[in-house]
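Here the structure comes first, spelled out in structure tokens, and everything after it is commentary.
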Amino acid sequence: MQPIKFAQISDLHLEARLSTSGLQFTQTQAEQRRAEVRQTLVQFVETARKEQVDLVLLPGDLTDTPVPSPETVNFLIDTLNQLHPIPTLIAPGNHDCASAASFYNPASVLYRSRGAAAPTWGEHIYIFRGENYETVQPLPDRSLTVTGCAFTEHVSRTSNWLSKVPAPAGDVSILLIHGSLLGQSPTPHDEPQVAPFTAEDLANLGYTYVALGHYHSMSLVRSAGRIVGAYAGSPVALALNATGPKGFIIGCVVPGQPLKQEDLRLVPADCRQIRPVALDVTGLSHQTAFEMALEKALTTSGASPADIVVMRLTGRHPPGVRFRVPERLRKVFWHTVIADETWPDYDLQLEAPIPAGPAVDVADCFRRRMQQIFQSATSDEEREVIREAYIYGCDALTLGKVTLR
Amino acid sequence: MIRLRGLKILGFGAFNGEPVSIAFCPERITLLIGDNETGKSTLATALFASLYGLEYDRRRLKTTHLPHVEVWRPRTEPFGVHLRLATDGRELQAEWDFAAGTLCVRDLATHEDVTAHYRNGSREYNLGRTLLGLSAEEFQKLAYVAQGRAGDETCLEKLGDFVQRLAGSTSGDRTAAEAVAALEEALSAYPGRTGSRPTIQIDTEITRLERELHDRRTQIQKIEEARQRLAPCEAEYQSLTRQEKALAVAIHCGYFQELLARRREAQVALDESRAAHAALAQHQRALAELEYLATFPAAQAPQLRELLAKRKRALEEREKVRRVIAEKLRPAYTSAQQALERHGELSCAGEKDEDTARGILEQARVAEQDAARIGADLAKAERSLAAAGISLAQVEDLRTRLAPLSESERGMLREQERTTLQLQLQATEGRAAVNSARERLQQIQYLRARRTQIANLIVMSSLLATIAAGVLTVLAGAGRIALPPLLFGVLTLLGVGGVACGCLLRASAKRLGADDYQAAVTTLQKGDAAVRAAEQCLRTFDDAVRQFAQRCNCNSVAALREAAHTLEELEHRCQPLLSLRRDHGQVQARLSQLEQELALLQGKFGIRPQPGGLASNAERLLEAIRAARRAQALLVDAERNLNTAEATVCQLDEEAAQYELQARDIMRKAGIGDESAIEAAAKEYENRLRLAELRDRLRQEVIPQAEERCRKAGQPEDLAREITDLDVKIASLMAEHAELHRLEAPQSANFYREQVRQLEQERQKLAARCSEAAEAVRDIQRRWREELPLLEGEAEALGTLLARAKRHRDALILALSEMRAVAQEVHARWSHALNRQVNEILPAIVPTLCDLRFDDNLRFRLLRQDNQEVIEQEAAPLRLSVGQRDQLYLAIRLGLAAFAGGTHPLPLILDDPFVNFDDERFRAAVCFLGERVQTRKTNGQQIILLSCHRRRFQWLRAEDPEWFDARFAWQEMPPLCQKGKPSGATNRSGV
């Protein structure tokens, strides 16, 4: 049997507001980013046609909500219709769940209200609309089956949801699902857990390949050294921690052979990357030194002007001196996010033993009292407040004014 | 604890020549003596800089408290110092190159470079802080007493603040109180969510954030609730959609049945239409025939007949009027002409003539009556004058005599006479008043003389009584007589009283009748003047009258007056007669005039006057004129009637001619030859009128009804076309839907149309509900898609802001409470220790001040020993002398140094603190310092004292060299190279 070539993309989150992503986009930037997400889908379709794939797999979260705007629905359907006649299979995820009101349902208000001239789902597209697993044979002349199911509500599934997966059929069996992989340590993702499973759970199912959606970074799922599936991840970086290249998968499954890493190729689709740049400001006493150090860190980070740079400032700064990232450095990149985690250069070791003997001066006395309170605190939150109070007290004593953090 | 061993100045400020070395004695007080401008303060600064370095950035001067490098740069290189010191058993040398900004610290024992221990960054060093544990500013505050500092009044006043700052310093510049204030300000001036002004209370911001967050969460909750309704709404929509589809099928069937029924009904209508159109064509043909018959050449026959009748009536009327003229009007006119001719010339009398005659008659009657009455009165007056013997000749004679006088002069004569009498009367009265006033004057003068005499008598008597009293007194004084006191008193009283009474009486006599006297004098003067004026006027009058008499040839004035009086009286009595004669003349003249007028009028009409008087003649003439005028009026009326009748005849002639013309015109147009043909045409017309009525009925009733029937039935062609179309539609529907084959349409098309209409209405209602359900779904989806992310984003941002604000508030409140507690604790500890230290030092240096107390706020108060006065800190600069202030300041600074130094005392640099000390206090202070060092009360504190008081120290040393040398290590200030001091370093306090 011939190998089966497929393209996989998921988690586009079309129409995502990007307001709570921590990226601090302006409205214009957010709009541009949403347009770039759309562009990746177009690129994906073009690539799939160019690569002459046999199959297109979309394991969920194509939109950010099950009820996007009619215009977005039109775009999605119209774009996916261009894959015709390549069989295209969609397993709706927790965000674009296939509820009665969703755009996946042709009888829904959303679908019908787009007007008579609006595009409709093409015949080559198959949508798993039920919670129960279905198995289809998208290529009648090939011994290939695709099994999948959908989220019908925006809720998490129970942990035993894989128990109802039917046994694989055909020479090549693909499972198309949306869920959270457990058991990988450390977990590279911080997306909320929905429909959790382990790599072993997937391996035990016996499918040739499991196309996964939900996590936003491309990752392979291995069990006992064998690749059982893969997350394509979001094709664009949508959150602060979504570092690294983003794109979609062009894969190839050879019947009867285990999947190899080189069979799954990530095609970069995002025009920009999130570049974390860390800078420890300890020892820097003035703005010029800070700017020089920051410039150096940016240079070594390899960030390009199209990238989104996350500047994480750590360490101690001189009391009363707050470093500012200059506008000229901000403007170098498409977008800059600054995470200021610096502390004033006071002795913040409040957990250290309280020295014996009387206090020397007010600052010493204040410190001792704060140490006492800090060491009797019962929660981290309380300790954080005490540490901040100590800094404010030191500010007041040293600078005569308090700089709120 | 460190010990400063020595300082080598390579170049610093004024020290810009050869290197200068100074050794510091660790056990004794290093006393550096030098005159003014020998570089003592520069040396102190160099010593400070050798520990803490210099500042190269001018903007940081205030924060680092270091001397600025440019101020102390010498004019020539090198620029640096070497400090040798001992610490922790090691001998170190700190070599500063200020020009290069570098420090090299060497261990003198091992020659090891230990600079790294004292480095903070590539070009920053913390030698002083590492060695002493103090910042530069703290070292200044604790271990350096600047020259002239104590003399500053504000220094002492702010000493409490200084101590507070010292007590509360961590980096050495803020007090706990200031920190508390800063924290309180941070609580009250929260920058808000945007971090920009205006600031608000942090609690206010938290309340606002909580409220806004609650609002957002409420809205999110509502959207979530709406989301719960999304599935039911969607289900309802889809159910309604299915119902709508079922209705659409039913409507489709109904429509098909309607088509079948319409096909059947159209066939029936086609038949009816064809029949109606045939009937209509028949009626229209009949109408066309009638249209021809009803058209008329005699259509104007009624008008023609009417015109001929009118002409006939006009001709008959004309004949009637002609008869009246011939029979009545013309004879009447002839008779009136004849009657008028009988009046002869009066026939032309007009209305004016009648008015003239009537006026003459009336005036003649009045004039004749007046003439009769005046004549009777005249006769009566003549008889009366004759009886009085008065004739008009007398009057004329007197008038002739007095003719030279004009009428005005005669009037003046009468007026003068009357005035003369009045003047004479006034003169008489004035003379009487003068006489009366004279009598009154004489009377008053008499009374005054009498009263004066009496007064003189009283005065004289009184003088005598006084003289008698005086004589008696003299005699009594001479002892000749015994004078009873009562008698003496009476005489004296009488004398004095009499004189007084006399004087008063004389004065009253002078004033007696003063007003009357003055009035009498005035009256007398006025009377005299009036008499003289009247007499003058009388003389003037007499002169004028005499002139009148001469002009009238009168012998005397009296004759003239007599003649004038007589003439006046006669004229007065003859006046009625004269008046009657004048009236009589006037009446006669009027009668004559009337006679002439009457004669003229009578002459005009050829009438002769008749005897019998003017009035009777006038009356006759008037009657004749009136009769003639009546005849004239009759003739005019007859003529007018005749003319009117003739005009009527002419008008009727014209009317008849006009009617005839119109009739002939119509006849000409209608082709009627003569009047007799008109009647025949009229009869024909009557017949045709009946035909026209029939035509109109066809046109207005029968044919429209037939047309309506045709219209209702429709055009046969249209109906045939409709049937064809229906057949096509039915065939098409049946081809599409096979199930329609079995449908029949027994009911009418309207029935099915109504059925379809009802179903359509139902479907529209259903569609509306469907639309509402879809709209509800879309609204929920829109809110979910558009509003929810925004609200969630806002809620998240607000939550973050709220958490941050709360954390800030909690942290600030905690810091504030702890800082307050710390301030209280530290201040209390410092005040206690300072009180102990300073009160040990104070009596030795300032004996007059016995006690100094710092309270818990580190404000101090003093107790003076001499007068037990308590001096508060604020009042200290005013209540203490400059010397006392310096001494007190030094005592406190020494106490501070001793307390703050603790077990590791700092090297103490005193830059000439005794400037304002007198000899005794200087001695006490220096001895105290010496003893303090000697007795180790300073815990081995190293003291470097710089002073310009060479003589004082020499004097002190001379007193007890052994004592002095055991405590002080005397050094002269090294010579200062005079290549020139830097401009900024002149007499500058070192730090």
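From first to last, the protein sequence lines are chains A and B. For the first sequence, the positions run 1021 to 1425 when our numbering is used. For the second sequence, the positions run 22 to 1012 when our numbering is used. Ideal Cβ placement from N, Cα and C applies to all residues, glycine included. Computed from a predicted model, the values in this text were never measured in an experiment.
What in chain A is Cβ-close to residue i, meaning under 7 Å?
i: Q259(B); result: A1127
i: V843(B); result: V1382, C1385, F1386 and R1389
i: H829(B); result: L1424
i: A256(B); result: A1120
For the beta strand (DSSP E) that contains residue i, what are its first and last residues?
i: H1355(A); result: H1355 to D1360
i: K349(B); result: Note, K349(B): premise wrong, no beta strand (DSSP E); not H, not E.
i: K1025(A); result: I1024 to Q1028
i: G1253(A); result: It is not in any beta strand (DSSP E) - G1253(A) carries neither H nor E in the DSSP assignment.
i: P1288(A); result: L1284 to P1288
i: H1198(A); result: V1192 to H1198
Quick check on residue i: buried or exposed, where buried means 16 or more other Cβ atoms within 10 Å of its Cβ?
i: I488(B); result: exposed
i: C1385(A); result: buried
i: H848(B); result: buried
i: M1390(A); result: buried
i: L1077(A); result: buried
i: S1396(A); result: exposed
i: A1266(A); result: Looking at the sequence shown, residue 1266(A) is not Ala but Lys. Buried: at least 16 other Cβ atoms inside 10 Å.
i: M481(B); result: exposed
i: T51(B); result: buried
i: I1024(A); result: buried
i: R332(B); result: buried
i: V387(B); result: exposed
So residue i contacts chain A; which residues on that side make the cut at Cβ distance below 9 Å?
i: W1014(B); result: Beyond the ends of chain B as shown, which are 22 and 1012, falls residue 1014(B); an answer cannot be given.
i: E233(B); result: The contacting residues do not exist; E233(B) stays about 16 Å from chain A at best.
i: R850(B); result: P1378, A1379 and C1385
Residue i versus chain B: which residues are under 8 Å apart at the beta carbon?
i: P1375(A); result: Neighbours of P1375(A) on chain B: none; closest Cβ ~14 Å, over 8 Å.
i: G1413(A); result: A200, L204, A836, E839 and M840
Would you mind telling me which residues of chain B sit closer than 9 Å to residue i, beta carbon to beta carbon, in chain order?
i: K1421(A); result: A203, E206 and A207
i: T1362(A); result: What T1362(A) touches in chain B: nothing, since even the nearest Cβ is about 16 Å away.
What does residue i touch in chain A if you count any residue whose Cβ is under 8 Å from its own?
i: P212(B); result: L1424
i: V847(B); result: A1379, D1381, V1382 and C1385
i: L833(B); result: A1409, Y1412 and V1422
Start and end of the alpha helix (DSSP H) containing residue i?
i: M1312(A); result: Q1307 to S1321
i: T97(B); result: Run containing T97(B): none; DSSP gives neither H nor E here.
i: Y773(B); result: A770 to R803
i: C1385(A); result: V1382 to S1396
i: M840(B); result: L809 to I866
i: W117(B); result: Not the alpha helix (DSSP H): W117(B) falls in the beta strand (DSSP E), residues R111 to D118.
i: V1156(A); result: V1156(A) -> not in any alpha helix (DSSP H); beta strand (DSSP E) instead, spanning E1154 to V1156.
i: D932(B); result: Element bounds for D932(B): not the alpha helix (DSSP H) but the beta strand (DSSP E), L929 to D932.
With 9 Å as the C-beta to C-beta threshold (strictly closer), list the residues of the segment 47 to 76 of chain B near chain A in chain order. none
Are the segment 94 to 110 of chain B and the segment 28 to 39 of chain B touching by the rule of at least three beta carbon pairs closer than 8 Å? yes
Decide yes or no for the touch test of the segment 204 to 212 of chain B against the segment 1410 to 1424 of chain A: beta carbon pairs closer than 8 Å, at least 3 of them. Yes: the two stretches touch, three or more of their Cβ pairs being nearer than 8 Å.
Chain A contacts from the segment 795 to 809 of chain B (Cβ-Cβ distance under 7 Å): Here the close residues are A795, V798, R799, Q802, W805 and R806.
In chain order, what residues of the segment 771 to 798 of chain B put their CB closer than 8 Å to some CB of chain A? Only those residues of the segment 771 to 798 of chain B whose C-beta falls short of 8 Å from the nearest C-beta of chain A are listed: A794, A795 and V798.
Do the segment 1345 to 1359 of chain A and the segment 801 to 813 of chain B touch if we need at least three Cβ pairs shorter than 8 Å? In the pairwise beta carbon analysis, the segment 1345 to 1359 of chain A is classified as not touching the segment 801 to 813 of chain B: fewer than three pairs are separated by under 8 Å.
Please confirm if the segment 1095 to 1111 of chain A is in contact with the segment 1139 to 1152 of chain A, defined as three or more CB-CB distances below 8 Å between the two stretches. yes
For the segment 1060 to 1089 of chain A, list every residue whose C-beta sits within 7 Å of some C-beta in chain B, in sequence order. T1085, V1087, P1088 and S1089
Check whether the segment 588 to 601 of chain B and the segment 406 to 417 of chain B are in contact - that is, three or more C-beta pairs closer than 8 Å. The segment 588 to 601 of chain B vs the segment 406 to 417 of chain B: in contact.
Contact set between the segment 1129 to 1140 of chain A and chain B, restricted to residues whose Cβ is under 7 Å from the partner: V1129, L1130 and S1133
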